[in-house]
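To start, the structure under review is shown below, and the notes come after it.
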Amino acid sequence: MKISGSYNPYSINNNMGTTSKKPTNVKDYSNYLTQKFGCLTPGKSASVSVTGGLLRKAMSDEKTGEWLERELSKVPDYIEAAQKSSIAHGGTLKSVSIEFGEEYSTMTTVGVFGDEGSTDPEIDKWLDKIKEKRAEQKEAEKKLEQKQQEQKIDEASFNMEFRGKDLEDLTNQFTMKLSGTMTLLSGGAFDIRG
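Heads up, the sequence shown is in my numbering, so the first residue is 27 and it goes up one at a time.
Below, the structure is given as structure tokens:
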């Protein structure tokens, strides 16, 4: 006589986490990027924009979309480099704007020289907000990944096979195997073959 069983407490797939729904229009895509990249929310002395043509191209061409997201993630680095350059030349970067276009990208800066070479507090606040949002996103992604890992563990299945002379012998083997573990029988399915 042989008894085998399998157990999966979550036989219904509960996908917890972010949906990978692709934006279907430029407005939705623009909103998605604005939520993902803090640099697209303008500050008092800084702004970053993406032209409609580039948004449409990025939506339809995966490589362009990846490039755009990579560039948007580097915006704080670009601005900090511009600040350092201004300071190195004895000035202060007072205003910066970046526009990403389908055929071009431009960065326009306004600086004041002879201003003791410091950073502008408004640009610093804006950069701090971007960094804070980036840190929050990383923390949220980390929590989501941890939750998905826990869910995978919860969804783990196991199989056991017992051989014995009769049903009582198989049941005893099964009971001994499961003793000391959590209550795994709820939702389990067992097949008894004789």
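For each residue, glycine too, the CB sits at the ideal point set by N, CA and C.
At least three beta-carbon pairs within less than 8 Å, the stretch 84-101 to the stretch 45-62: yes
Got a sec: is the Cβ-Cβ distance from Gly127 to anything in chain C below 9 Å? The structure shown has no chain C; it contains just one protein chain.
Could you spell out the range, first to last residue, of the alpha helix (DSSP H) harbouring Thr60? Val52 to Lys62
Span separating the alpha-carbon of Thr50 from that of Gly78: 14 Å
Buried or exposed, going by whether 16 or more other CB atoms sit within 10 Å of the CB of Leu193? exposed
To the nearest angstrom, how far is the alpha carbon of Leu161 from that of Phe200? Per the sequence shown, residue 161 should be read as Ala rather than Leu. The alpha-carbon atoms of Ala161 and Phe200 are separated by roughly 49 Å.
Is Ser86 buried or exposed, if buried means 16 or more other CB atoms sit within 10 Å of its CB? exposed
Looking only at DSSP bridge pairs, what is Ser131 linked to? Phe126
Within a Cβ cutoff of 8 Å, which residues of the same chain sit near Thr145, ignoring the five residues on either side of it in sequence? Gln109, Ile113, Thr118 and Leu119
So the candidates are Gln61, Ala84 and Leu170; which of them puts its Cα closest to the Cα of Phe126? Ala84
Between the C-alpha atoms of Ser123 and Lys100, what's the straight-line distance to the nearest angstrom? 14 Å
Please report the distance separating the alpha-carbon of Lys23 from that of Asn198. Only positions 27 to 220 of the chain appear in the structure, and residue 23 is not among them; the question remains open.
Could you give the DSSP three-state label for Lys83: helix, strand or coil? helix
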